[in-house]
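Below is one structure, written out as structure tokens, with a few remarks after it.
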Amino acid sequence: MHKLGRTDVAVPPLGVGVMVWGDMTAAPRMDPARNAYGPTSSLDDQVEALAVSLAAGVNLFDTAAMYGKGVSERRLGELTEGNPSVVIATKFPGAFFSRASSLPSTLAASLSRLRRPVIDLYQVHFPVRWMSIPRVMDLMADAVSSGLVRAVGVSNYSAAQMRVAHEALGRRGIPLASNQVQYSLLHRNPETDGVLDTCRSLGVTLIAYMPLASGALTGKYSASHRPAGWRRYRAPFRGAAALASLERVNAAVGALASKHGKTRSQIALRWLIQRDVLPIPGAKNGAQAAENAGALTFELSDEDMRSLT
Ligand SMILES: NC(=O)c1ccc[n+]([C@@H]2O[C@H](COP(=O)([O-])OP(=O)(O)OC[C@H]3O[C@@H](n4cnc5c(N)ncnc54)[C@H](OP(=O)(O)O)[C@@H]3O)[C@@H](O)[C@H]2O)c1
1091 MHKLGRTDVA
1101 VPPLGVGVMV
1111 WGDMTAAPRM
1121 DPARNAYGPT
1131 SSLDDQVEAL
1141 AVSLAAGVNL
1151 FDTAAMYGKG
1161 VSERRLGELT
1171 EGNPSVVIAT
1181 KFPGAFFSRA
1191 SSLPSTLAAS
1201 LSRLRRPVID
1211 LYQVHFPVRW
1221 MSIPRVMDLM
1231 ADAVSSGLVR
1241 AVGVSNYSAA
1251 QMRVAHEALG
1261 RRGIPLASNQ
1271 VQYSLLHRNP
1281 ETDGVLDTCR
1291 SLGVTLIAYM
1301 PLASGALTGK
1311 YSASHRPAGW
1321 RRYRAPFRGA
1331 AALASLERVN
1341 AAVGALASKH
1351 GKTRSQIALR
1361 WLIQRDVLPI
1371 PGAKNGAQAA
1381 ENAGALTFEL
1391 SDEDMRSLT
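Residue numbering for the sequence shown follows the numbering used here, beginning at 1091 and increasing consecutively.
Here it is as structure tokens:
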């Protein structure tokens, strides 16, 4: 177990993203969580994904108030009620155009859907112009003081925005725990935009979302076999250059998979873990969750790591 940033919240080196858990037919018709990945998995699949993850020591689950307008949080609450070993990360706000002042009521609604008295990691989902970072961090600090939140994180924040959040929370004696950003072998922006370095220098955990590049790094999709859902219209599935880069990275990942007798997904996740990053791959069922948790069971050598650089 590691600590999340400089907080005392213990987390495994890998979590599970549950954005598409729940009965998404109950979500608004154009909701991204309902449409991005095609049909959602069954309740039984999600029960099994939870069970195999917990059995493998993967007890961190990431959701958000916005996923399916509460559908994902509600399912996670149903499945984990009364289990104190589960660590839950969720996100504010509940709708794109929300104001900072809606934080207390949004938090109360999330707690109710999640069926618990406290959220382990409460993250600001994305920065928006109309929400001052110091103001939202002050409201987050109030939630920590009230005992409703254990650790405060952000998501999709730039290096400069992280520093503002870190300083604002610091005035209240609270560390900034994490910044959740897109990071994978096919999306390496955090290495060049200052986010990875800033996380390291401030002692903030970088949580990597889309660590399998929406399934592209599993090796099961190609130019001739594109995935279901809206994701097929975005990088890395869209355009000849993106698909060529997908083939190139998948070849390098495939070579390491053969060498270690592991799957491509496990190599892609292990690479992040060994960069001190916490990946939260989405898993739709028990088989995917078990495979992803297998990233905890081996190590890549320095030479292996370099071959992916
Ligand atoms: N903060 C943000 O703005 C933000 C944005 C996006 C996501 N997130 C978070 O990050 C989490 C993960 O991201 P993501 O789900 O978008 O992308 P991802 O983890 O890169 O891809 C997940 C998808 O890959 C496939 N997959 C997963 N494990 C597999 C395996 N072992 N073998 C074969 N296929 C496998 C599944 O879809 P198929 O089987 O259909 O291919 C699954 O839905 C989300 O659940 C959410 O919690 C946060």
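Every residue, glycine too, gets a C-beta built ideally from N, C-alpha and C.
**Q.** Exposure label - ALA1255; buried when at least 16 CB within 10 Å
**A.** buried
Q.
With distance defined between alpha-carbon atoms, name the residue in MET1395, ILE1264, LEU1275, VAL1343 nearest to ALA1303.
A. Taking ALA1303 as reference, the option from MET1395, ILE1264, LEU1275, VAL1343 with the minimal CA-CA separation is LEU1275.
Q) If you draw a straight line from the C-alpha of VAL1367 to the C-alpha of THR1295, how long is it? A) 7 Å
(Q) Contact defined as beta carbons within less than 8 Å: I believe GLY1384 pairs with LYS1352. What is the distance between those atoms, to the nearest angstrom? (A) Right, the Cβ-Cβ distance comes to about 7 Å (below 8 Å), so this counts as a contact.
Q.
Quick check on the DSSP output: the alpha helix (DSSP H) that includes ALA1345 runs from which residue to which?
A. 1330–1350
Q | The alpha helix (DSSP H) enclosing THR1196, as first and last residue numbers | A | 1193–1204
**Q.** Closer than 8 Å: GLY1160 CB and nearest ligand 1 heavy atom
**A.** no
Q) When the Cα atoms are used, what is the spatial distance from GLN1378 to ARG1322? A) 20 Å
Q. Would you say ALA1190 and ARG1225 are within 9 Å of each other, going by their C-beta atoms?
A. At the C-beta level, ALA1190 and ARG1225 come within 9 Å of one another.
**Q.** PRO1183 (DSSP reduced to helix, strand or coil)
**A.** Coil.
Q: Enumerate in chain order the residues of its own chain whose CB-to-CB distance from LEU1169 is below 7 Å, with the five nearest sequence positions on each side excluded.
A: For LEU1169, same chain residues with a beta-carbon under 7 Å away, outside a window of 5 residues either side, are GLN1136, VAL1137, LEU1140 in chain order.
Q. Helix, strand or coil for THR1295 per DSSP?
A. strand
Q: Report yes if the C-beta distance between ALA1241 and LEU1094 is below 9 Å; otherwise report no.
A: Going by beta carbons, ALA1241 and LEU1094 fall inside the 9 Å limit.
Q: Measure the alpha-carbon distance for GLY1105 versus GLN1251 and round it to whole angstroms.
A: 25 Å
Q. Does the Cβ of GLY1329 have 16 or more other Cβ atoms within 10 Å, making it buried, or fewer, making it exposed?
A. exposed
**Q.** For ALA1250: DSSP bridge partner residues
**A.** Looking at the DSSP output, ALA1250 bridges to nothing.
Q) Thinking C-alpha only, which one of MET1091, ARG1354, ASP1283 is nearest ALA1306? A) ARG1354
Q. With a cut-off of 8 Å, do at least 3 Cβ pairs link the region 1170–1190 to the region 1121–1129?
A. no
Q) Quick one: is ASN1173 buried, meaning 16 or more other Cβ sit within 10 Å of its Cβ, or exposed? A) exposed
Q | Residues near PRO1194 in its chain [Cβ-Cβ closer than 8 Å; skip 5 each side] | A | Contacts found: LEU1229, ASP1232, ALA1233.
Q.
Assuming the contact rule is C-beta atoms closer than 8 Å, ALA1313 and LEU1286 should be a hit. Round their C-beta distance to whole Å, please.
A. Not a contact, Cβ separation roughly 30 Å.
Q) Roughly how far, in whole angstroms, is the beta-carbon of GLY1237 from the beta-carbon of VAL1208, given that I think they are within contact range, below 8 Å? A) That belief holds up - the Cβ atoms of GLY1237 and VAL1208 are roughly 6 Å apart, short of 8 Å.
Q: Could you check the C-alpha separation between MET1114 and ARG1164 for me, to the nearest Å?
A: 11 Å
Q. Name the DSSP beta bridge partners of HIS1092, please?
A. For HIS1092, which the question treats as bridged, DSSP gives the partners VAL1101.
Q | Those residues which DSSP pairs with ALA1241 across a bridge | A | DSSP links ALA1241 through a beta bridge to LEU1211.
**Q.** Helix, strand or coil at PRO1317 according to DSSP, with G and I counted as helix
**A.** coil
Q. Since ASP1392 is in the alpha helix (DSSP H), which residue starts that stretch and which ends it?
A. 1392–1397
Q) Among the residues of its own chain, which have a CB less than 8 Å from the CB of VAL1244, if the five just before and after it don't count? A) GLN1213, VAL1214, PRO1217, GLN1251, MET1252, ALA1255, LEU1266, SER1268, ASN1269, GLN1270
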